[in-house]
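Below you'll find the structure, written out as structure tokens, and then a few comments.
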Amino acid sequence: MTCAMSTCRSTDASMRCSRCKSVFYCSHECQRSHWAMHKRSCTYMYAAMRWKTLESEWWATLPRDVHKTYGEVYFMLQGLKPCVVLTGVPNAFKQDFYDKVIQPCKLGEDVLVATINKVRTQAFDFDGKLILLHRQHERYNMILSMLKIKEIGHDDIVLEEKQIAWILDYPVALDECNDGTMLEIAYFAIETNDLLTSFCALDTIEHRQRVNVHFQKYKATLGEMLPMRIQVIIVS
Ligand SMILES: [Zn+2]
Ligand SMILES: [Zn+2]
Numbered sequence: 001m002t003c004a005m006s007t008c009r010s011t012d013a014s015m016r017c018s019r020c021k022s023v024f025y026c027s028h029e030c031q032r033s034h035w036a037m038h039k040r041s042c043t044y045m046y047a048a049m050r051w052k053t054l055e056s057e058w059w060a061t062l063p064r065d066v067h068k069t070y071g072e073v074y075f076m077l078q079g080l081k082p083c084v085v086l087t088g089v090p091n092a093f094k095q096d097f098y099d100k101v102i103q104p105c106k107l108g109e110d111v112l113v114a115t116i117n118k119v120r121t122q123a124f125d126f127d128g129k130l131i132l133l134h135r136q137h138e139r140y141n142m143i144l145s146m147l148k149i150k151e152i153g154h155d156d157i158v159l160e161e162k163q164i165a166w167i168l169d170y171p172v173a174l175d176e177c178n179d180g181t182m183l184e185i186a187y188f189a190i191e192t193n194d195l196l197t198s199f200c201a202l203d204t205i206e207h208r209q210r211v212n213v214h215f216q217k218y219k220a221t222l223g224e225m226l227p228m229r230i231q232v233i234i235v236s
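Under the UniProt record's numbering, the sequence shown has 7 at position 7, and the numbering climbs by one with no breaks.
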């Protein structure tokens, strides 16, 4: 493996960061000098990996499909996505999921955990769903007020799919995929081949461009300094 210390780059790096298990070093010296740079991404990676483990353990106790969300959680910690909505977790098991997955992951003070109340779109009901919001994201305040997160007893809110796509940072909204040849787009982690996120788009030049801009932005943020590299797969 290549030493993660940029001024070293020795190809004989066999010591692995014991916390995130994602970067390698040739020596203790390199690891020590790289720590200031690596600390943040190490913390994010560690939290996301812990999420991955705890989430699968949690789902194993229910007779249901596993909803893998650690990719989305990692994107949020990196400041790419403003939030993650845990739509797969049944409302009755919300507290249990909080106790056994969210809490032990120690996502940090930058992440607000809240419940969405009385919000839906034409297609989906978000009422009672858990949401993780990144406080440092530029859309944070806007999303709080759109979903009325901190207001108790507010009226029902009906959002458009376009607004949901903006809240969750998807390049194409669900109802933009109705008319034409649909593409199923998925981002995978290169090393582990794990599914990180997926969404739909139409097979048009305009949608392909939007998806490309989205993907390049995610790749640029994760690519250079971070271990989880992503690739896009389009299934039409
Ligand atoms: Zn080195
Ligand atoms: Zn590390």
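We treat Cβ as the ideally placed atom computed from N, Cα and C, and that holds for glycine.
| Query | Result |
| --- | --- |
| By the 10 Å Cβ neighbour count, where 16 or more other Cβ atoms means buried, how is residue 180 classified, buried or exposed? | exposed |
| With respect to the beta strand (DSSP E) encompassing residue 49, which residues constitute its N-terminal and C-terminal limits? | First-last for residue 49: 28-60, but that is the alpha helix (DSSP H), not the beta strand (DSSP E). |
| Give the straight-line distance between the Cα atoms of residue 206 and residue 212, rounded to the nearest whole angstrom. | 10 Å |
| Can you give me the Cβ contacts of residue 183 inside the same chain, cut-off strictly under 6 Å, excluding the 5 residues immediately before and after it? | 201, 203, 234 and 236 |
| Rounded to a whole number of angstroms, what is the C-alpha to C-alpha distance between residue 153 and residue 33? | 52 Å |
| Helix or strand or just coil, what does DSSP make of residue 215? | helix |
| Cβ of residue 13 within 7 Å of any heavy atom in ligand 1? | yes |
| Considering only C-alpha positions, which residue in the set 186, 185, 166 and 161 is nearest to residue 174? | 161 |
| Alpha carbon to alpha carbon, how far is residue 40 from residue 110? Give it in angstroms, no decimals. | 13 Å |
| Taking the alpha carbon of residue 60 as the point to measure from, which residue in 100, 87 and 38 has its own alpha carbon closest? | 100 |
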